[in-house]
Amino acid sequence: MEEYLVIVESPAKAKTIKRYLGKKYAVKASMGHVRDLPRSQMGVDVEEEFNPKYITIRGKGPVLKELKTAAKKVKKIYLAADPDREGEAIAWHLAQSLDVDVTSDCRVVFNEITKDAIKASFKHPRAINMDLVDAQQARRVLDRLVGYNISPLLWKKVKKGLSAGRVQSVAVKLIVDREKEIAAFVPEEYWTIKGNFLKGKEAFEAQFYGIDGKKVELKSQQEVEQILSKLSGDDFSIASVKKKERKRNPAAPFTTSSLQQEAARKLNFRAKKTMMLAQQLYEGIELGKKGTVGLITYMRTDSTRVSETAENEARNYIENKYGQEYTRTAKRNDKKSSNSQDAHEAVRPTYADKSPSELKAYLSRDQLRLYKLIWERFIASQMAPAVLDTVVAELVNNGVTFRANGSSVKFNGFMKVYVEGNDDNKKEEDRILPELLQGETVKNSKIDPNQHFTQPPPRYSEARLVKTMEELGIGRPSTYAPTLDTIQKRGYVALQEKRFVPTELGEIVLELMNEFFPEIISADFTAQMEANLDSIEDGKIRWVEVMDNFYKDFAKRLSVAEEEMKEVEIKDEPAGEDCEKCGHEMVYKMGRFGKFMACSNFPDCRNTKAILKEIGVKCPDCKEGNVVERKSKKRRIFYGCDRYPTCEYTSWDKPIARECPKCSTQLVEKKLKKGVQVQCPACDFSEKPN
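Per UniProt numbering: the sequence shown = residues 1 to 690.
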């Protein structure tokens with residue numbers, strides 16, 4: 001006979017937890033929230049202390065009915081939603097719906113779905129934390145006040161279907177501001193001089209550094225020629241050699257933000273996909289006879305903290321697998337971010353000894369790749385630092401100084417398992433120098449001057465944008481992925497070559513927001529509001545007080561905007577061709593996945609066409625059409641003939657205008673993890689990757 005009812009959010013989580021609790025516990029899923037504010041109206045009474053009007057979510061009636069029926073059969077109910085503000089709010093809504101006393105010990109929380117963690121949490125149930133609930137209510141009400149007041153205004157003045165969100169507006173502003181920086185950027189010329197040198201038969205490189213040991217920046221070809229004119233012969237004397245041993249420490253375990261960034265860099269995952277896969281790993285995966293097992297800790301966190309138990313497990317694994325010398329001896333002292341709530345541990349594997357290779361048979365390809373990333377990052381974080389030997393040598397000819405830098409790994413330490421990626425795709429390569437001694441002479445074999453121009457700041461990738469939002473205190477771990485998804489769905493930004501670019505619509509909406517609601521798009525204001533939500537969670541201020549302070553000025557701005565905001569007409573851009581179905585002009589439209597062509601005679605004609613990008617290569621099959629870049633349903637780029645469906649040529653690899661020297665088949669460019677390789681799709685011919 002089941003005596004206790006445990007309610008979680010998802011069936012997968014329910015299935016995993018049921019294994020650990022035994023026959024006395026019934027475990028059911030609420031399928032997320034059961035109550036929320038109504039979609040058809042604001043649902044917030046601004047005259048009565050911002051009292052929210054909650055209703056049962058459409059479609060959740062049968063779920064709630066099943067939970068109520070189950071609740072009548074047991075003597076106690078435990079609410080085990082996720083351990084964050086939203087989870088606390090779900091638990092509170094369930095308590096309201098099932099008549100559970102919120103002050104009773106009805107709430108259980110755990111950071112990982114393991115037997116020990118589950119058993120421990122049920123030994124220490126607590127009351128529902130109303131400060132956490134109020135913080136989540138405040139966020140929800142605040143977003144309603146902004147969205148349900150400004151959005152209808154934008155529908156009336158600009159275009160139907162638009163929205164204005166507190167966090168999403170700041171994200172769009174970051175992207176638009178970066179585009180303005182790029183447009184205003186004036187490149188500056190600079191030069192470098194690379195020298196190739198020989199010590200005996202050993203070759204090495206050095207870069208021009210300066211004159212008489214002082215650094216000199218080269219701005220023009222004339223300055224380069226002046227430097228080269230000073231050189232006398234090919235002999236360079238080694239003025240100094242500095243050798244140094246340097247330690248490099250491993251990166252901290254993942255937070256939500258750093259996980260999304262690294263998954264984007266190394267796995268090419270979008271933030272939304274990363275969080276979906278992480279949720280699956282957290283809630284539990286079927287591991288054959290072992291049953292369903294939660295493989296990682298809770299994936300919404302801004303902390304790098306790790307429990308002592310997990311550290312000890314990792315150390316034991318490292319010592320047994322790699323040896324005593326690879327085990328970290330000093331305790332990690334990661335700096336806590338000023339914006340960090342530090343409520344949960346870092347994202348880490350629940351069991352250090354469950355290596356990715358051991359789980360390969362049970363995980364999908366993408367689940368395995370993400371788990372491998374999390375597991376390797378955590379194991380590496382508990383390993384010894386790497387030890388690098390670095391050498392800096394200065395070579396001098398008539399006062400002209402070149403510098404040669406070299407490094408080698410003396411002890412790989414954590415690098416044996418994992419090395420953190422970077423946004424600039426810089427490769428960390430050992431550059432070994434020959435044994436150089438002060439006072440020796442080496443020969444110059446070649447001088448190679450190169451002209452360069454400074455580059456504008458890069459557009460935001462998903463990883464860069466998440467990192468910037470985190471640094472500015474905009475949003476919280478649970479909001480990054482939904483924010484990026486929303487600004488694309490609304491057509492405010494688009495992804496081009498994995499970088500965000502603002503659309504005309506995004507720029508227009510932002511301009512209106514900046515004119516009438518400047519505080520909403522202010523990073524400082526948004527960060528301060530996040531700090532206020534944290535203060536509500538800590539019980540320092542009342543949530544109604546925060547809403548009241550915000551709404552006083554907001555209501556005034558809203559009144560002015562309704563009177564003074566002018567209607568904006570967004571004209572469709574002509575596409576330069578006519579509709580093949582009705583003869584009207586085709587125009588460019590902005591959709592969820594970027595620009596496309598549509599007939600200007602809509603809705604009478606609903607013809608649409610993808611914008612095809614030619615790559616300058618004739619179709620290798622029909623020899624008549626041109627190869628164009630297309631996208632699959634999953635947004636993956638492939639190549640096909642523009643005469644489709646007459647010609648059905650397709651290729652995942654990019655064709656190039658060269659034939660194979662062996663069999664005369666058209667060559668393709670194959671993307672590798674490191675660079676691109678030209679190869680033949682029909683025989684074994686290939687060229688060295690670049």
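Note that CB positions come from ideal geometry on N, CA and C, so glycine has one too.
All values derive from a computational prediction rather than experimental measurement.
For Trp543, the secondary structure class from DSSP, reduced to helix, strand or coil, is helix. Under the three-pair Cβ rule at 8 angstroms, the stretch 367-375 counts as touching the stretch 248-265. For Ile150, the uninterrupted alpha helix (DSSP H) run begins and ends at 130-157, by DSSP. Inter-residue distance for Cys647 and Asp621 is about 8 angstroms (C-alpha atoms, whole angstroms).
For Tyr371, the enclosing alpha helix (DSSP H) starts and ends at 365-381. Distance between Leu37 and Ile55, taken at the CA atoms: about 6 angstroms. Nearest Cα to Gln207 within the set Ala184, Pro449, Ala80: Pro449. Of the candidates Val391, Leu395, Ile521, Gly399, Val391 places its Cα closest to the Cα of Val409. DSSP lists no bridge partner for Val224. Around the C-beta of Leu162, 16 or more other C-beta atoms lie within 10 Å, and the residue is accordingly described as buried.
Between the beta-carbon of Ala481 and that of Lys272 there is about 5 angstroms, and that keeps the pair under the 8 angstroms contact cut.
Gly616: member of the beta strand (DSSP E) spanning 613-618, first to last residue.
DSSP lists Ala29 as the beta-bridge partner residues of Val8. Going by DSSP, Ile238 is part of no alpha helix (DSSP H) but of the beta strand (DSSP E) stretching over 235-248.
In its chain, beyond the 5 residues on either side, Lys157, Val158, Ile508 have a beta carbon closer than 7 angstroms to the beta carbon of Val568.
Rounded to whole angstroms, the separation of the alpha carbons of Arg140 and Gly43 is 11 angstroms.
Rounded to the nearest angstrom, the gap between the Cα atoms of Asp99 and His93 is 10 angstroms.
Distance check between Leu612 and each of His584, Tyr644, Met547, Arg178 places Tyr644 closest, using alpha-carbon atoms only. Residue environment: Phe236 is assigned as buried (16 or more neighbouring CB atoms within 10 Å of its CB, all protein chains considered). Short of 6 angstroms from the beta carbon of Thr327, and not among the five residues preceding or following it, lie these beta carbons of its own chain, in chain order: Arg315, Ile318, Glu319.
In the three-state reduction of the DSSP assignment, Val74 falls in the coil class, being assigned neither a helical nor a strand state.
Looking at the DSSP output, Met597 shares a beta bridge with Tyr588, Lys609.
At the C-beta level, Ala26 and Val74 come within 8 angstroms of one another. Counting C-beta atoms within 10 angstroms of its own C-beta, Asn312 has fewer than 16 neighbours from the protein chains shown and is therefore classed as exposed. Annotation for Ile182: the continuous alpha helix (DSSP H) segment containing it runs 166-184. The Cβ atoms of Leu142 and Glu562 do not sit closer than 8 angstroms to each other. DSSP lists Asp36 as the bridge partner or partners of Ile55. Met513 is positioned such that its CB atom lies closer than 8 angstroms to that of Ser169. When secondary structure is reduced to three states using DSSP, Leu437 falls in the coil class, being assigned neither helix nor strand. A residue is called buried when at least 16 other Cβ atoms come within 10 angstroms of its Cβ; Leu64 meets this threshold and is buried. In this structure, the CA atom of Asp234 is about 5 angstroms from the CA atom of Asn444.
A residue is called buried once 16 or more other Cβ atoms fall within 10 Å of its Cβ, and Leu228, having fewer, is exposed. For Ile118, the enclosing alpha helix (DSSP H) starts and ends at 115-123. Rounded to the nearest whole angstrom, the C-alpha separation of Met547 and Lys160 is 28 angstroms.
Here DSSP, grouped into helix, strand and coil, assigns Tyr298 to coil. In this structure, the beta-carbon distance from Glu286 to Lys13 does not fall below 8 angstroms.
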